[in-house]
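Numbering (our numbering), first residue to last: 6 to 200.
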């Protein structure tokens with residue numbers, strides 16, 4: 006069965022491989038992500054569905070996996086920063102508090118379409134202005150929701166998480182594994198070389 010990842014994210018590719026799915030195609034969807042003002046869970050669910058459907062319109066057959074991740078603070082969505090000033094504001098806002106990371110995931114296989122979301126609480130320690138400026142100079146915040154990456158230098162800011170670590174990287178591995186089983190893809194069997 007062909008598996009298609011509807012994402013250009015290197016982190017999502019890496020996580021899918023870690024799940025035992027070594028053979029898959031990457032097909033980046035071209036979708037408008039400005040779809041309106043929705044609560045975070047609904048926003049990521051809608052966007053992941055839109056991405057999966059965009060790829061399905063280009064291809065026939067296979068299992069399509071699409072995801073979308075946002076950072077939310079008090080229900081307000083923090084997307085990717087437009088510039089360094091916005092990155093600074095985002096990181097200053099997250100400093101010393103707890104926020105949520107939401108990822109919506111859609112698995113589409115023929116007539117079957119499953120969409121779910123995962124939420125993880127992340128706690129930042131207090132950050133100094135100098136630390137934030139130095140982090141921005143690394144370039145890492147500029148293409149990340151909420152202006153940080155847990156898998157990179159941003160890990161230095163995180164005091165703790167409650168929930169799925171991989172969700173903060175952009176793909177809730179445990180949830181996705183269960184969703185794939187519903188459409189006939191058993192990741193553990195793939196990892197064991199039995200499928």
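Note that the Cβ used here is the ideal one computed from N, Cα and C, for glycine as well.
All values reported here derive from a predicted model rather than from experimental measurement.
| query | result |
| --- | --- |
| Exposure label - residue 90; buried when at least 16 CB within 10 Å | exposed |
| Whether residue 110 touches residue 125 by CB criterion (7 Å) | no |
| Residue 197 - DSSP class collapsed to helix/strand/coil | coil |
| Chain-order list of residues whose beta-carbon lies under 7 Å from that of residue 179 (same chain, five-residue window excluded) | 169 |
| Residue range of the unbroken beta strand (DSSP E) whose run includes residue 124 | 117-129 |
| Spatial distance of residue 77 from residue 165 (CA atoms) | 16 Å |
| For residue 174 and residue 182, the rounded distance between their alpha carbons | 16 Å |
| Residue 26 (DSSP reduced to helix, strand or coil) | coil |
| Expected contact under 8 Å - CB spacing of residue 31 and residue 10 to nearest Å | 5 Å |
| Close-in-space but distant-in-sequence residues of the same chain around residue 103 (CB under 6 Å, 5 per side omitted) | 126, 128 |
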